[in-house]
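Participant:
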Amino acid sequence: MRVDTVAFSAVLILAILPQPARAQGWNPPPPEKRCPSQWGADDERGAANLQTPQAVLKATRMIREGKVYELGKVLDASIPRSGARSYSLNLARTSGPNGRNQQRGNEETVFTELGQIGTQFDGLAHQALGPHLYNCVENDAVAARTGFTRLGVEKIGGLFTRGVMLDIAALKGVDVLPATYEITVADLEEAMKRERVDFGAGDTVLVRTGWGRHFGADNKLFMSGEPGIGIAAAEWLAKRNIMMVGSDNWAVEIRPYPDKGLFLPVHGFMLVVNGIFLLENLDLEAMSRDKVYEFALIVQPLKLKGGTGSTVAPIAVR
Ligand code: UVW
């Protein structure tokens, strides 16, 4: 009886959610309007440049209890994956028994797109608009067989930022936003008010949709689409000069995109136009349960020379 009531309430709440504005028309700004980036024509680190000693100290001030939240999903062959991405891990019992101590060694070989699997950090070589990557670097000119000769993920380094989570599913009173829900600027502003948080230059914003609850539970549904931000919210976030935006879905942005003439526009807008990184497939459930809205966030992309991104296991510390 109670379950029915809860389910009915959730349906009712979703029915009365104001219909989000359809994603506004958007066209990428031409190269002369977006290059050089705010960090100069030779820059290869984008918003990672916002990690100043002051920004790091600001992040440390978020640590008040020493409690750590693991935001990375476990990598395993059964996880949902985009496109033709694959994952497998093969064990090798490699040595021994050796010596009086009977030493034995174990190793593994992992076959995967290490840059774009599981909980992942999208770097600056991941997306192009027309011929150009971030900072108008020519995609074709730097795409070598062994990796990108510019803008590789190894240039980013370890990231330590203040993080803010905007729990939009909780704001709307639902466990999971519907796949067709485009998160609006008003949603983000309301969540900030509800959570009494603000953010600015160099901070990271994590947007919780609840969609991550389908990860591993119903992979087909998880990959069939997703609620997320659109260009309007992305523009609003970028104006605040953030370093990263992440979510508990697989592309951060709403998919399929409501404007059928655009493909992954938030990817292009954030990475190519603004040098702002994306974090996908985050686990935000524990922080949502504990109502943790600001924290220190640590993300260390693997130093894959010439890579487009990195699987990561971020932690939030409060
Ligand atoms: C998608 O799979 C659409 O996003 P990404 O390539 O960033 O993982």
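The opening residue of the sequence shown carries number 4 in our numbering; numbering runs sequentially from there.
Every residue, glycine too, gets a C-beta built ideally from N, C-alpha and C.
Since the model is a prediction, treat every value here as computed from it, not as a measurement.
(1) Which one of 235, 212, 244 has the shortest CA to CA distance from residue 188?
(2) For the candidate residues 54, 30, 29, 134, whose alpha-carbon lies nearest to that of residue 279?
(3) Looking at residue 283 and ligand 1, is the gap between the Cβ and the nearest heavy atom below 7 Å?
(4) Short check: CB of residue 58 to CB of residue 205, under 8 Å?
(5) What span of residues does the alpha helix (DSSP H) with residue 320 cover, start to end?
(6) Please tell me whether residue 166 and residue 300 are closer than 8 Å, where the distance is taken between their beta carbons.
(7) Where does residue 311 land, buried or exposed, given buried means 16+ other C-beta within 10 angstroms?
(8) With a 10 Å radius around its C-beta and 16 neighbouring C-beta atoms as the bar for buried, classify residue 233 as buried or exposed.
(9) Only counting runs of 3 or more residues, tell me where the beta strand (DSSP E) segments fall wholly within the region 247 to 303, in order along the chain.
(10) Suppose the cutoff is 7 Å on Cβ atoms and the five residues either side in sequence are ignored; what does the same chain contact list for residue 129 look like?
(11) For residue 64 and residue 33, what's the separation of their Cα atoms in angstroms?
(12) Could you work out which residue in 107, 44, 177 is closest to residue 139 when comparing CA atoms only?
(13) Give the range of the alpha helix (DSSP H) segment to which residue 226 is assigned.
(14) Determine which residues share a DSSP beta bridge with residue 324 and list them.
(15) Give the single residue among 248, 253, 82, 243 whose Cα lies nearest to the Cα of residue 228.
(16) For residue 249 versus residue 207, is the C-beta distance shorter than 8 Å?
(17) Would you say the beta carbon of residue 85 comes nearer than 7 Å to a heavy atom of ligand 1?
(18) My parser needs the alpha helix (DSSP H) runs of 4 or more residues fully inside the region 100 to 176; what are they?
(19) Would you say residue 253 touches ligand 1, meaning its beta carbon is less than 7 Å from a heavy atom?
(20) With DSSP collapsed to three states, give me the class of residue 66.
(21) Between which residues of its own chain and residue 106 is the CB-CB distance below 6 Å, once the five residues before and five after are set aside?
Facilitator: Short version:
(1) In the sequence shown, residue 188 corresponds to position 185, counting from 1. Nearest option by C-alpha distance: 235.
(2) Sequence index remark: in the sequence shown, residue 279 carries index 276 (1-based). Comparing alpha-carbon positions, the option among 54, 30, 29, 134 lying closest to residue 279 turns out to be 54.
(3) Taking the first residue of the sequence shown as position 1, residue 283 is located at position 280. Here the distance from the Cβ of residue 283 to the nearest heavy atom of ligand 1 is below 7 Å.
(4) Taking the first residue of the sequence shown as 1, we reach residue 58 at position 55. Taking the first residue of the sequence shown as 1, we reach residue 205 at position 202. Their beta carbons are under 8 Å apart, which means residue 58 touches residue 205 by this criterion.
(5) Numbered from 1 along the sequence shown, position 317 holds the residue referred to as residue 320. Not the alpha helix (DSSP H): residue 320 falls in the beta strand (DSSP E), residues 318 to 320.
(6) Taking the sequence shown and counting its residues from 1, the one referred to as residue 166 is at position 163. Taking the sequence shown and counting its residues from 1, the one referred to as residue 300 is at position 297. Yes, these two residues count as a Cβ contact at 8 Å.
(7) By one-based count along the sequence shown, residue 311 stands at place 308. Residue 311 is buried by the Cβ-count criterion.
(8) Position 230 of the sequence shown holds residue 233. Counting of Cβ neighbours within 10 angstroms places residue 233 among the buried residues, the total reaching 16 or more.
(9) 247 to 250, 280 to 283, 297 to 302, all fully within the region 247 to 303.
(10) By one-based count along the sequence shown, residue 129 stands at place 126. Around residue 129: 274, 311, 312.
(11) Here residue 64 is taken as the residue at index 61 of the sequence shown, counted from 1. Here residue 33 is taken as the residue at index 30 of the sequence shown, counted from 1. Taking the straight line joining both Cα atoms gives about 40 Å.
(12) Taking the sequence shown and counting its residues from 1, one reaches residue 139 at position 136. Of the residues 107, 44, 177, the one whose Cα lies closest to the Cα of residue 139 is 44.
(13) Numbered from its first residue, the sequence shown carries residue 226 at position 223. Where residue 226 is concerned, the enclosing alpha helix (DSSP H) starts and stops at 222 to 226.
(14) With the chain running from 4 to 321 in the structure shown, residue 324 is simply not present.
(15) Translated into positions along the sequence shown, residue 228 becomes position 225. The option with the nearest alpha carbon to residue 228 is 253.
(16) Looking up residue 249 in the sequence shown gives position 246. Looking up residue 207 in the sequence shown gives position 204. In this structure, residue 249 sits near residue 207, with a CB-CB distance shorter than 8 Å.
(17) Translated into the one-based positions of the sequence shown, residue 85 becomes position 82. With a cut-off of 7 Å, the C-beta of residue 85 is classified as near ligand 1, since at least one heavy atom of the ligand falls inside that distance.
(18) The qualifying runs are 142 to 145, 171 to 174.
(19) Locating residue 253 in the sequence shown gives position 250, where the first residue counts as 1. Because some heavy atom of ligand 1 lies under 7 Å away, the Cβ of residue 253 counts as near it: yes.
(20) Within the sequence shown, numbered from 1, the residue matching residue 66 stands at position 63. The answer is coil: DSSP assigns residue 66 none of H, G, I, E or B.
(21) Taking the sequence shown and counting its residues from 1, the one referred to as residue 106 is at position 103. Around residue 106: 99.
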